[in-house]
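Take any residue in the sequence shown, note its place counting from 1, add 595, and you have its number in this note's numbering. First up is the structure itself, then whatever we jot down about it.
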Amino acid sequence: MKLKDCDSCLVYGTDNKPLSKARVEIGSEKGIRMFFQNRKLRSVRIKTIVDFYDRSNGVVRSRCELVIQRNDKSGKINEPWMAVCDILEIYEVYQRQKDLRIEVNLHTEFKTEKGWYFLGKILNISAGGIFLVTPQVLKRNERFTFKHNFGREEYEIGARVLRAAGLVEGDFGYGCQFVGISSDAEAAIRKFVFTQQVKKQNSKGRG
596 MKLKDCDSCL
606 VYGTDNKPLS
616 KARVEIGSEK
626 GIRMFFQNRK
636 LRSVRIKTIV
646 DFYDRSNGVV
656 RSRCELVIQR
666 NDKSGKINEP
676 WMAVCDILEI
686 YEVYQRQKDL
696 RIEVNLHTEF
706 KTEKGWYFLG
716 KILNISAGGI
726 FLVTPQVLKR
736 NERFTFKHNF
746 GREEYEIGAR
756 VLRAAGLVEG
766 DFGYGCQFVG
776 ISSDAEAAIR
786 KFVFTQQVKK
796 QNSKGRG
């Protein structure tokens, strides 16, 4: 399987813990190249795990060989290190069907299509939608938006109510589907979900 639409990744260290994020460039002649803003790297050749964030395939976890070296052509973006990457083996592909869902506790403000606001709490999130708990009564197919910082940038996300789930924590629970979101916003949510999942797995491993 080839990467189709990938511009970022997460590189792990030889201890299997996240080492650094990187910008990805894929070229027909030069293959896969990575560019790091992290200054704490060093020139080395390693075999390690890399999670590629591919908008078409999902999160592609692979075993790769990296040749990390100083980036002498760093431009406006300060990327002092780069790496040439060779994918040796693909371990898993996550979220191809948008099935990776994580539990969260995000309190935020929502805005309906009619322009009024209500407060609620997101209890879980995936690349395809959220489970929302709110004292506000909502109807099926009712649409709303909310803003949240997924990574470095704040995105406005649109969603609609798919189903009512009865009372949850004393409020009304709703399963909601994202609608009309940009590819950048979807990619940011995918990264957020997967990063939170990795943190959860790492905390279990230490426990």
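Glycine is no exception: its CB is placed at the ideal position from the N, C-alpha and C atoms. Keep in mind that this is a model prediction, so the values were computed, not measured.
Under 8 Å between C-beta atoms of cysteine 659 and leucine 683:
Yes, they are a contact pair.
For the structure I just gave you, are there three or more beta carbon pairs, one from the stretch 719-735 and one from the stretch 765-774, closer than 8 Å?
yes
Given leucine 605 as reference, the closest of Val619, Lys599 and Leu598 once Cα atoms are compared:
Answer by Cα proximity: Val619.
What is the residue span of the beta strand (DSSP E) that asparagine 700 lies within?
697-707
Please name the residue, chosen from Ala783, Val662 and Phe726, that lies closest to glutamate 751 on a Cα-to-Cα basis.
Ala783
Please classify threonine 609 as buried or exposed, where buried requires at least 16 other C-beta atoms within 10 Å of its C-beta.
exposed
Drop a sphere of 10 angstroms on the beta-carbon of glycine 653, count the other beta-carbons inside from all chains shown, and report buried for 16 or more, exposed for fewer.
By the neighbour-count rule (16 or more Cβ atoms within 10 Å), glycine 653 is buried.
Contacts around histidine 743, its chain only, beta-carbon distance under 8 Å, and the 5 residues preceding and following it disregarded
Leu701, Thr703, Glu749, Tyr750 and Ile752
Residues bridged to proline 613 (per DSSP)
Tyr607
Could you compute how far the alpha carbon of arginine 691 sits from the alpha carbon of glutamine 791?
Any answer about arginine 691 is weak, because its pLDDT of 48 lies below 50 and its placement is not dependable; what the coordinates show is given next. Rounded to whole angstroms, arginine 691 to glutamine 791 spans 17 Å at the Cα level.
Neighbourhood of arginine 758 by C-beta, 6 Å cutoff - its chain only, sequence neighbours within 5 removed:
Gly770
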